[in-house]
Amino acid sequence: MLLTFLSGLTGGCVFWTLGLPLPWMLGCLTGSLIASLSGVPVGVTKPVRLIIMVILGVMLGGTFSPEVLARAGEWIPTLIAAVLYLAVLTFIAQFYCRKFMKMDRLTAIFAGFPGGLSEMTLLGEEAGADVPALTLAHACRVATILLAIPLFLTYWSGLEMVERESTAPLWSLLDIIILLIIASGGLFLGKIAKFPAYQLTGPLLLSAIVHTSGLVQGEPPEIVTVLLQLTLGSALGARFAGYSLGQVGKLMLLSVVMAFLMLAVTLLVSGILSYAFDLEFEALILALSPGGFAEMTLAALSMGIDPAFVTTHHALRLLVIVFIVPVFLTRIIKRNS
């Protein structure tokens, strides 16, 4: 496993030096992927994957807050529209994955959902999807969206991104104790309740509850986030043993095209909703963006756009994708079997 993390760390450092998006996720994934394609024996053990899923669940739950719950009622029309938009966008992306990327049905379904790279690959793996194809589809989508949207908004509206530091406190000792308890409790709850991908969804649910209630208000230190992204990115990149460079290149190109297709749909829907509800076009683009929950929230902050509006819509998408979709898919798979 040491080679896995060293190759991932190398890729992360290169991405960070070049100022590319999500360096410790996409960079580590790229470094580990290159090592895997080169025949280097990379990979992670099952216990490490379990720890990754539990920690990720806890941290995803931390994206919820009392403000999200308190202000959700202000945006019910756009939240409903966001769910409908999610369904349309997913249908288009799944059709593209089946028709042009030649994915099997299950992999296309998980590749088409505009969720985060980490949760979608982990959920897809649990369901039996093709993890390497899924990883490339989501990694290319997230990277393309994170590069394209800030550039578009800067050109369209003249908004400049100004880096702002978070004012939220870091985890206290009490916060850490509570989160360790809910991590263990969420793992147990998810297993006995038979949640889909229970290692992720159980801790996520309990974490969302304690963060929304205000019981935990701190943010994780940056080093924790970096280590999680490094580990997850390296683990995903290590899954490409047996793939050729040509196969990976073709998948990446088709994935970037899909990302621009999804972005075009997002811009169209944002324009319609902006006209219908008299809302900021730029805010809707960030709120409906198919990727980058944390990054789109930070972009909203840096551009002077209401971050609560953006966070609430992304939080709803996360809930729909992580909890509702796997249940629906399980029924389809059982019925087809």
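Following the working numbering, the residues of the sequence shown are numbered contiguously, the last one being 420.
Ideal placement from N, C-alpha and C gives every residue a C-beta, glycine not left out.
Spatial distance of His294 from Ala216 (CA atoms)
34 Å
Taking the alpha helix (DSSP H) that Arg132 belongs to, which residues open and close that run?
Lys129 to Gly144
With respect to 7 Å, is the separation between the Cβ of Pro106 and the closest non-hydrogen atom of the ligand NAD below this value?
For the ligand NAD, the structure offers nothing, since it holds no ligand at all.
Pull up the distance between the alpha-carbon of Ala170 and that of Ala164, whole angstroms please.
10 Å
For Val393, count the other beta carbons within 10 Å of its own beta carbon; 16 or more makes it buried, fewer makes it exposed. Which is it?
buried
Evaluate Asp187 with the Cβ neighbour count: other Cβ atoms within 10 Å of its Cβ, from every protein chain shown; 16 or more gives buried, anything less gives exposed.
exposed
Note down the Cα distance separating Leu112 from Trp99, rounded to an integer number of angstroms.
13 Å
DSSP three-state label for Glu302, please.
strand
Sort Ile264, Gly91 and Tyr358 by Cα distance to Ser290 and report the nearest one.
Ile264
Per DSSP, Leu253 is paired with what?
Under DSSP, Leu253 shares a beta bridge with Glu302.
Using a threshold of 8 Å, state whether the C-beta atoms of Met184 and Leu334 are closer than that.
yes
Could you spell out where the alpha helix (DSSP H) holding Arg188 opens and where it closes?
Arg188 to Gly195
Can you give me the C-alpha to C-alpha distance between Gly354 and Leu133, rounded to a whole angstrom?
41 Å
Helix, strand or coil for Pro147? Go by DSSP, reduced to three states.
Checking the sequence, you will find Phe at residue 147 rather than Pro. Of the three classes helix, strand and coil, the one that applies to Phe147 here is coil, per DSSP.
So, helix, strand or coil for Asp258, using DSSP?
Helix at Asp258.
Just to confirm, are Asp258 and Gly301 a CB contact at a threshold of 8 Å?
Pairing Asp258 with Gly301 gives a Cβ-Cβ distance under 8 Å.
Can you give me the Cβ contacts of Ala266 inside the same chain, cut-off strictly under 6 Å, excluding the 5 residues immediately before and after it?
Val137, Val141 and Pro286
Would you mind giving the Cβ-Cβ distance between Met379 and Leu367, rounded to the nearest angstrom? I have them listed as a contact below 8 Å.
At roughly 11 Å, the Cβ-Cβ gap does not stay under 8 Å, so Met379 and Leu367 are not in contact.
So does the region 204–222 actually touch the region 319–337, counting three or more Cβ pairs closer than 8 Å?
yes
Anticipated Cβ contact below 8 Å, Ala318 with Val123, distance rounded
No, Ala318 and Val123 are not in contact; Cβ-Cβ is about 14 Å, not under 8 Å.
Taking buried to mean at least 16 other C-beta atoms within 10 Å of its own C-beta, is Pro130 buried or exposed?
exposed
Is it true that the CB of Val309 sits closer than 8 Å to the CB of Leu262?
It is not a contact, given that the beta carbons lie outside the stated cut-off.
Can you give the Cα-Cα distance for Val225 and Phe360, rounded to whole angstroms?
28 Å
Taking Cβ to Cβ, would you say Leu229 is nearer than 8 Å to Pro373?
no
Determine whether the beta carbon atoms of Leu371 and Thr349 lie at a separation below 8 Å.
Judged by their CB atoms, Leu371 and Thr349 are nearer to each other than the 8 Å cut-off.
Phe178 - containing alpha helix (DSSP H), residue span
DSSP places Phe178 in the uninterrupted alpha helix (DSSP H) bounded by Ile159 to Lys182.
With distances taken Cα to Cα, identify the nearest neighbour of Leu315 among Ser121, Glu202 and Gly297.
The residue with the shortest Cα to Cα distance from Leu315 is Glu202.
Three-state secondary structure (DSSP) at Leu105?
DSSP places Leu105 in coil when its eight states are reduced to three.
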